[in-house]
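Q: Residue numbers (my numbering), protein chains in the order written: chain S, 1 to 361; chain R, 1 to 361.
Got a structure here, written out as structure tokens. Questions coming.
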């Protein structure tokens, strides 16, 4: 279990993260305190962590814990984003955690991903609805638009004194042609992550993609300097985009947006990169290659209820029993079902979005 | 008139400012719209401007104008700071101008001039009282503590996209070891200056020391990019410190703090750098050198009511009629009188300081 099933191929930097930067694989032991298991941990999507064991120790001793996960609002949300937020929703209910969700309009603005802060704000509110619709507990969820609060600037100033431009330049890979807002954003990001610890003394865990680890290390260094709990992390592998490339909002064919029409979804799924053979005849004789198949990866998230079902499906593919059309149909139906239910939930909370916003912090 | 009297020696960069950067000397013509004359313009302390003529054109046509002048709250205020704020108070009443006074705790914090933002806040409130006590019109005065408002961060983000780290590095003379807050402060300073123009379409003038012109030019470049009125400036020469070196709060003997005791003031004045000769005999024979004399410079500000009185005094010094002790006594008395009256005014408004703060911007 825990990655040993090899449902998924290793992704780049996986080993580096484990060996060089002290991340650890999930073990059944550290998770035994949780009431339920999350299939995406079992399937190896969330595959490693740093200091999540220390964090759970505080939880075990009865301490209030917090989760931080940001969203940069420069577009409508796509299904890839929701996976991590759905995982956090599960973690919130497991740990009764306070969840902080910065909607970082400032980030998207300084990195030129939106024309105006107002444009980012519009997406922020829509994105917030999509996230809340996953079933967050409004009592324990604290969303905020980064440029709209006083404390973001204030805490960022305080943390900035523990960074230098040289360090930031290296961690973010900047050149001197960046604007001052980009440079300062390094401190702003640290402020988002550390705020629950600084203000309320809650330990924080941040579920992130592996490639974001340099910023986590920067933030952990600051935490060490100001002598607070160093934020833990949970590492997610990326669900590959439908075309086989990484999902990216700026390449619409790689992902499914929450507001894609059924026709668009059908086209994207039918054009998806699979592990299928060139002809049905070959497929029957040689079997498919599910390790390569994006559709199989997506079915793990949206269709299979557990590892057992995923493995059974894999066997059917390898044996040549399945052809790609069947899997695509299955994925299409699963996505339509997910989106339909999502909109129902989104509609039901659309007048309550302010309940999820934190007006005090 | 206007500097031609040569009451004062030229200061470094004076010619450069005029020749290379397009500043202009004050001329009687552009000032004729003002109801009164300010002795420090006549005496040449405020000696040049950039675009103040364009600014006054808008005023003449009935437009509301604004003045911006910041204070970095890292210490108690000293008399040098108050000269510029007293000039602005006069300009406010001449032009019925809206005056914006950012108390830039963020600046002092990122530049390590205070230990905490709270320390800067404490000074900010005390400095605000000293400034307000000069006689500002609370209806038209808008003070704010920079890190305590939402809009400072927001407008700074917007302006940061018009700057690059390279430009900022050159203008502020930074190295890569600075913290991200210092880099971002370039945008924050521009936000302070441009806010009244961006938010209310008021043309702005900023009275500044000559050495601050690089930041003004940076801000004017941004104004050009966002297509708003480029902030005008009025250039002040520096009143030299009592020791002959520049006044600096970190070198207490150079300046008089508003809370210095009479004994301290006496000591500082008696140790001041003068244009006096080595002995009284020499002084009587050769006369003093008022152009070199700090005490004479300070008397212009705190004692002489106009250019005529300053010239008469100068003649008495040059002729050997005066000895330094007389001038020092005169200055000491003038300072004590000024401070006594200042405290009376400060006391009378100490419960009204919130009237000068802007709670909306």
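Even glycine gets a Cβ: it sits at the ideal position worked out from N, Cα and C.
Computed from a prediction, not measured in an experiment: that's the story for all the values here.
Counting only Cβ pairs nearer than 8 Å, list the residues of chain S close to residue 177/R.
A: Within 8 Å Cβ-Cβ: 164, 165 and 166.
Q: Distance, Cα to Cα, residue 236/S vs residue 150/R?
A: Their backbone Cα atoms lie some 34 Å apart in a straight line.
Q: Name the residues in the stretch 183-212 of chain S whose C-beta lies less than 7 Å from a C-beta of chain R; which are they?
A: The residues in question are 183, 184, 186 and 187.
Q: Assign residue 359/R to one of two classes, buried (16 or more other C-beta atoms within 10 Å of its C-beta) or exposed (fewer than that).
A: Exposed: under 16 other Cβ atoms inside 10 Å.
Q: If we cut at 8 Å on Cβ distances, does residue 109/R have a partner in chain S?
A: Closer than 8 Å to some Cβ of chain S, the Cβ of residue 109/R qualifies, so yes.
Q: Tell me, please, which residues DSSP counts as bridged to residue 208/S.
A: 235/S.
Q: Write down the C-beta distance between residue 138/S and residue 356/S rounded to the nearest angstrom, noting that I regard them as a contact closer than 8 Å.
A: Sure, about 5 Å apart at Cβ, within 8 Å.
Q: To the nearest angstrom, how far is it from the Cα of residue 63/S to the Cα of residue 225/S?
A: Roughly 23 Å between the two C-alpha positions.
Q: Is there a Cβ from chain R that is less than 8 Å from the Cβ of residue 64/S?
A: No, because no Cβ of chain R sits closer than 8 Å to the Cβ of residue 64/S.
Q: Below 8 Å on the Cβ atoms is my guess for residue 338/R versus residue 296/R; work out the distance and round it to an integer in Å.
A: The Cβ separation is near 17 Å, so there is no contact.
Q: Considering only the beta carbon of each residue, do residue 203/R and residue 65/R sit closer than 8 Å?
A: Yes, these two residues count as a Cβ contact at 8 Å.
Q: Going by Cα to Cα distance, which pick from 245/S, 191/S and 241/S is closest to residue 220/S?
A: Ranking the options by Cα distance to residue 220/S, first place goes to 191/S.
Q: Starting from the Cα of residue 173/R, find the closest Cα among 264/R, 215/R and 50/R and give me that residue.
A: Minimum Cα distance to residue 173/R is reached at 215/R.
Q: Between which residues of its own chain and residue 77/R is the CB-CB distance below 6 Å, once the five residues before and five after are set aside?
A: Same-chain partners within the cutoff: 127, 130 and 258.
Q: Please state the DSSP three-state secondary structure of residue 139/S.
A: Helix at residue 139/S.
Q: Kindly give me the distance between the Cβ atoms of residue 161/R and residue 181/S, rounded to whole angstroms, as I take these residues to be in contact under 8 Å.
A: 7 Å between Cβ atoms; contact.
Q: In whole angstroms, give me the CA-to-CA distance for residue 15/R and residue 307/R.
A: So the two alpha carbons sit approximately 23 Å from each other.
Q: By a C-beta neighbour count over all protein chains shown, 10 Å radius and 16 as the cutoff for buried, is residue 50/R buried or exposed?
A: With 16 or more other Cβ atoms within 10 Å, it is buried.
Q: Name, going along the chain, the residues of the stretch 146-160 of chain S whose beta-carbon falls closer than 8 Å to a beta-carbon of chain R.
A: Going along the stretch 146-160 of chain S in chain order, one finds 147, 148, 149, 150, 152, 153, 154, 156, 157, 158 and 160 with a Cβ nearer than 8 Å to chain R.
Q: By how many angstroms is the C-alpha of residue 83/S removed from the C-alpha of residue 275/S?
A: Roughly 23 Å separates the two Cα atoms.
Q: Which residues of chain R have a Cβ atom closer than 8 Å to the Cβ of residue 117/S, listed in chain order?
A: Going along chain R in sequence order, the residues near residue 117/S (Cβ under 8 Å) are 154, 157 and 158.
Q: Using a Cβ-Cβ cutoff of 8 Å, what residues of the stretch 342-353 of chain R are near chain S? List them in chain order.
A: If the cut-off is 8 Å between Cβ atoms, the stretch 342-353 of chain R has nothing near chain S.
Q: Provide the residue span of the beta strand (DSSP E) that contains residue 50/S, from first to last.
A: Its beta strand (DSSP E) spans residues 46-50.
Q: What alpha helix (DSSP H) runs, 4 residues minimum, are completely inside the stretch 119-194 of chain R?
A: Qualifying alpha helix (DSSP H) stretches, in chain order: 150-160 and 165-172.
Q: Since I believe residue 176/R is in contact with residue 166/S (beta carbons under 8 Å), could you give me their beta-carbon distance rounded to a whole number of angstroms?
A: That pair is a contact at about 4 Å.
Q: Can you confirm whether the stretch 42-60 of chain R touches the stretch 192-199 of chain R when touching is taken to mean that 3 or more C-beta pairs between the two stretches lie within less than 8 Å?
A: The stretch 192-199 of chain R vs the stretch 42-60 of chain R: no contact.
Q: Find the nearest neighbour of residue 316/R within the set 285/R, 142/R and 47/R, judged by alpha-carbon distance.
A: Closest by alpha carbon: 285/R.
Q: How about residue 106/S and residue 185/S: are their beta carbons less than 8 Å apart?
A: A contact, by the Cβ cut-off of 8 Å.
Q: Considering Cα atoms alone, identify which of 249/S, 27/S and 98/S is closest to residue 193/S.
A: Of the candidates 249/S, 27/S and 98/S, the one whose C-alpha sits nearest the C-alpha of residue 193/S is 98/S.
Q: Mind pulling the alpha helix (DSSP H) runs of 4 or more residues that sit fully within the stretch 293-331 of chain S?
A: With a minimum length of 4 residues, the continuous alpha helix (DSSP H) runs that stay inside the stretch 293-331 of chain S are 294-302 and 307-318.
Q: With 8 Å set as the bound, which would you pick, yes or no: does the beta-carbon of residue 180/S sit closer than that to a beta-carbon of chain R?
A: Chain R contact via Cβ: present.
Q: Near residue 346/S, which residues of its chain fall below 6 Å by C-beta distance, leaving aside the five closest residues on each side in sequence?
A: So the list reads 129 and 133, once near-sequence residues are dropped.
Q: Along the beta strand (DSSP E) that carries residue 100/S, what are the first and last residues, could you check?
A: Its beta strand (DSSP E) spans residues 98-103.
Q: Given this structure, state the Cα-to-Cα distance separating residue 153/R from residue 170/S, to the nearest angstrom.
A: Approximately 25 Å between the Cα atoms of the pair.
Q: Is residue 260/S buried or exposed, if buried means 16 or more other CB atoms sit within 10 Å of its CB?
A: Buried, since its Cβ has 16 or more Cβ neighbours within 10 Å.
Q: Straight-line CA distance for residue 304/R to residue 310/R?
A: Rounded to whole angstroms, residue 304/R to residue 310/R spans 6 Å at the Cα level.
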